[in-house]
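Heads up: the protein sequence lines correspond to chains A and B, in order.
All residue numbers for the first sequence refer to my numbering, where the first residue is 115 and numbers rise by one.
All residue numbers for the second sequence refer to my numbering, where the first residue is 279 and numbers rise by one.
Since the structure comes first, as structure tokens, the remarks are kept for the end.
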Amino acid sequence: MDLNKIILKVLNNEATKEEYAILESWKKESEDNIAILEDIRRGDSEVNLPYTDYDSESAWSKVEPQLESPSGSYWRYALIAGLLLLAVIAYVAFDNYNENRLKDYRTDDKIEHIVLRDDSKVWINEQSSLREVTDFQGEERKVALAGEAYFDVEHKEAIPFIIDLGGDRHIKVIGTSFNVINVEEDFDLAVYSGMVELHVLDRVIEVPKGQRVKLVNGSYVKLKNKSQNLISWKTRNLVFDNTPLSKVLQDISRHYDVTFDKKEGVKMAQCRLRSKFSDERIEDVLAELKTVFDMQYVYTPDNRNIQIESLKCN
Amino acid sequence: MIFKDKEEFKQVFLEYYNPLCNYVNSKIFDESQSEDLVQDVFLRLWSSREDIDLQESIKSYLYKASHNKAIEYLRSQKTYENAIAQQSLLSASDDENAKMLDIYIKIDRLKKSLRHLPPKCREVFSMHRFNGLTYDEIAQSQNISVKTVENHMLKAIKILREKVQRT
């Protein structure tokens with residue numbers, strides 16, 4: 115009998131005498147085996163203990179800069195101090211010079227996170243560009259966007275933040291967070307906090323939090339923003355809460371830039387998925403679908419295509 | 279000298295940070311304050327690494343230092359809740375406290391090895407082992423069949439076995 119099954123049964127107190135005996139002899143084989151069992155059994159007695167998963171890696175990155183360097187002579191410190199001072203002077207001078215230049219950000223195949231000079235944060239998706247149009251000193255903060263970006267704009271009542279989208283449209287906000295896709299005819303604005311004004315020609319569309327505006331066949335349509343996965347490119351999370359499988363595949367293909375084809379006769383109308391993927395590889399996501407839906411598929415990385423052969427729903 | 283270099287110090291930090299924070303938090307009930315206190319303990323350990331002559335294991339040192347930090351903190355906060363927390367902190371025996379830290383170290387180790395499981399598998403395993411849900415309950419909450427839950431559990435055990443055997 116499969117040892118894993120026996121372990122599982124023992125853990126759940128369902129094992130027979132024979133199975134206990136098998137496990138005992140397995141335990142005798144090595145210290146490791148006992149350790150494994152202990153590891154897996156753990157949790158039983160500790161279920162009720164409050165436990166928080168502190169992020170030790172990020173704590174380390176906070177602590178590390180505060181660690182003093184190994185001790186050395188006074189002169190070494192003096193030298194380091196001198197060098198630091200020079201660096202600071204150079205930095206300040208360079209920064210002053212730089213501050214007056216308008217910046218131009220272009221991403222190729224990576225996502226960039228930038229902080230603008232007013233402390234507004236912008237995540238720029240792949241194949242997109244963001245350009246500063248004003249230096250933020252005057253009456254407006256103005257940038258131009260082509261592609262997709264997520265904005266978290268610092269609230270400044272007196273200085274509106276304007277995003278030039280080219281052609282006849284622009285966005286005007288005071289301080290909010292929202293995602294914009296602006297690629298020719300593909301326009302999609304989703305607002306996550308505050309209120310955004312979308313200006314099209316001389317028309318103003320007010321888009322509050324939780325709403326979305328999409329360009330459909332030449333007209334701007336207001337929708338409820340239900341999809342949490344629209345900004346999965348930024349959050350790195352794909353969340354499915356009893357989501358129809360067809361929608362799941364849509365979100366996956368958007369996020370991973372892959373396409374799905376299914377063999378004739380494959381039906382998925384009844385399938386729903388509840389799951390969360392945090393920055394997983396496409397291979398792991400597919401493996402997951404295989405476990406849950408018994409999905410048989412062929413993945414061809416070269417043309418980023420997945421052919422679904424069969425699947426069934428629970 | 280206790281540490282050969284910063285890298286060695288980092289390893290100790292990563293091994294004990296999480297359990298120590300959990301231990302301190304179980305005493306002072308303030309997660310972010312717990313993190314600050316434990317980070318203090320490590321900073322202090324590093325800056326005095328040349329002077330300390332450890333008579334005991336690094337673990338006992340960290341435990342004592344964190345424990346004292348927790349007491350110090352509660353004393354500085356003069357609220358009623360803290361007075362009660364302080365009372366229970368002082369009344370628990372050294373033995374009980376050390377045991378508690380050991381448990382947190384073990385949980386931490388298991389959690390770390392869980393990272394090698396595929397996401398869904400890990401979720402099912404944790405729900406069962408940590409949250410005490412039955413297969414039926416997991417199946418319902420996840421909208422999957424009991425059979426699938428069992429498959430996930432078997433897979434988890436298989437991977438955990440391989441993982442532990444390799445290290």
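C-beta atoms are modelled at their ideal positions from N, C-alpha and C, and glycine is treated no differently.
These numbers were taken from a predicted model, which means no experiment stands behind them.
Residue i classed as buried or exposed, judged by whether at least 16 other C-beta atoms fall within 10 angstroms
i: SER338/B; result: exposed
i: ASP386/B; result: buried
i: VAL177/A; result: buried
i: TYR205/A; result: exposed
i: LEU379/B; result: buried
i: LEU198/A; result: exposed
i: ASP365/A; result: buried
i: LEU216/A; result: exposed
i: TYR382/B; result: buried
i: PRO297/B; result: buried
i: ARG353/B; result: exposed
i: LEU400/A; result: buried
i: ARG439/B; result: buried
i: THR130/A; result: exposed
i: THR426/B; result: buried
i: GLN420/B; result: buried
i: ASP158/A; result: Note that ASP158/A has pLDDT 48, beneath the 50 cutoff, so the model's placement of it is unreliable and no number is given.
i: SER234/A; result: buried
i: LYS256/A; result: buried
i: HIS406/B; result: buried
i: TYR413/B; result: buried
i: GLU394/A; result: buried
i: LYS377/A; result: exposed
i: ARG220/A; result: exposed
i: HIS310/B; result: Looking at the sequence provided, one finds Ser at residue 310/B rather than His. Label assigned to SER310/B: exposed.
i: GLU286/B; result: exposed
i: ASP116/A; result: exposed
i: ARG444/B; result: Confidence in ARG444/B is poor, its pLDDT being 46 and thus under 50, which makes the residue's placement too unreliable to answer from.
Beta-carbon proximity of residue i to residue j, cut-off 8 Å
i: ILE288/A; j: PRO274/A; result: yes
i: ASN419/A; j: VAL372/A; result: yes
i: THR357/A; j: LEU387/A; result: yes
i: ALA173/A; j: GLU313/B; result: yes
i: ALA260/A; j: ASN293/A; result: no
i: THR405/A; j: ASN375/B; result: no
i: ASN300/B; j: THR166/A; result: yes
i: ILE336/B; j: VAL290/B; result: yes
i: LEU411/B; j: PHE403/B; result: no
i: VAL424/B; j: ALA434/B; result: no
i: LEU315/A; j: VAL321/A; result: no
i: ASN239/A; j: ILE228/A; result: no
i: LEU352/A; j: CYS385/A; result: no
i: ILE319/A; j: PHE374/A; result: no
i: GLN410/A; j: SER424/A; result: yes
i: GLU133/A; j: ILE120/A; result: yes
i: SER291/A; j: VAL330/A; result: no
i: VAL302/B; j: LEU292/B; result: no
i: LEU303/A; j: VAL327/A; result: yes
For residue i, the residue or residues it bridges with in DSSP
i: LYS336/A; result: VAL327/A
i: GLU262/A; result: ILE295/A
i: ILE285/A; result: ILE277/A, LEU312/A
i: ARG245/A; result: ASP218/A, ALA258/A
i: GLN421/A; result: ASP375/A, VAL412/A
i: PRO322/A; result: MET309/A
i: GLU226/A; result: ILE238/A
i: ASP300/A; result: VAL297/A
i: ARG317/A; result: VAL314/A
Closest by C-alpha distance to residue i, when choosing among the options
i: LYS338/A; options: ARG231/A, VAL330/A, LYS323/A; result: LYS323/A
i: GLY252/A; options: SER243/A, ASP365/A, ARG231/A, LEU125/A; result: ARG231/A
i: LYS340/A; options: SER424/A, VAL305/A, LEU363/A; result: VAL305/A
i: GLU262/A; options: THR248/A, GLU423/A, ASP282/A, GLU299/A; result: GLU299/A
i: ASN258/A; options: GLN241/A, GLU268/A, ILE225/A, ASP218/A; result: The question names Asn, but residue 258/A in the sequence shown is Ala. Per the Cα distances, ASP218/A.
i: GLN342/A; options: ARG317/A, VAL330/A, HIS369/A, SER333/A; result: HIS369/A
i: GLY281/A; options: VAL362/A, PHE301/A, VAL267/A; result: PHE301/A
i: TYR294/B; options: GLU138/A, SER170/A, GLU133/A; result: SER170/A
i: SER369/B; options: LYS305/B, GLU286/B, LEU292/B, ASP283/B; result: LYS305/B
i: MET431/B; options: GLU415/B, ARG400/B, ASP414/B, LEU315/B; result: ARG400/B
i: LEU181/A; options: LEU388/B, ARG407/B, GLN317/B; result: GLN317/B
i: LEU392/B; options: ILE437/B, ASN409/B, SER326/B; result: ILE437/B
i: TYR264/A; options: ARG220/A, ARG245/A, TRP347/A; result: TRP347/A
i: ARG245/A; options: LYS270/A, ILE276/A, HIS269/A; result: ILE276/A
i: ARG327/B; options: SER344/B, LYS398/B, LYS284/B; result: LYS284/B
i: THR248/A; options: GLN241/A, ASP278/A, CYS427/A; result: ASP278/A
i: GLY332/A; options: ILE345/A, SER307/A, ARG283/A; result: ARG283/A
Any chain D beta carbon closer than 8 Å to residue i
i: MET405/B; result: Among the protein chains in the structure shown, which are A and B, there is no chain D.
Any non-hydrogen atom of the ligand NAP within 7 Å of residue i CB
i: ARG418/A; result: The ligand content of the structure shown is nil, which means the ligand NAP is not present either.
### Start-end ranges of the beta strand (DSSP E) lying completely within the segment 344-392 of chain A, minimum 3 residues
351-358, 373-376, 386-392
### Task
Only counting runs of 3 or more residues, tell me where the beta strand (DSSP E) segments fall wholly within the segment 286-350 of chain B, in order along the chain.
none
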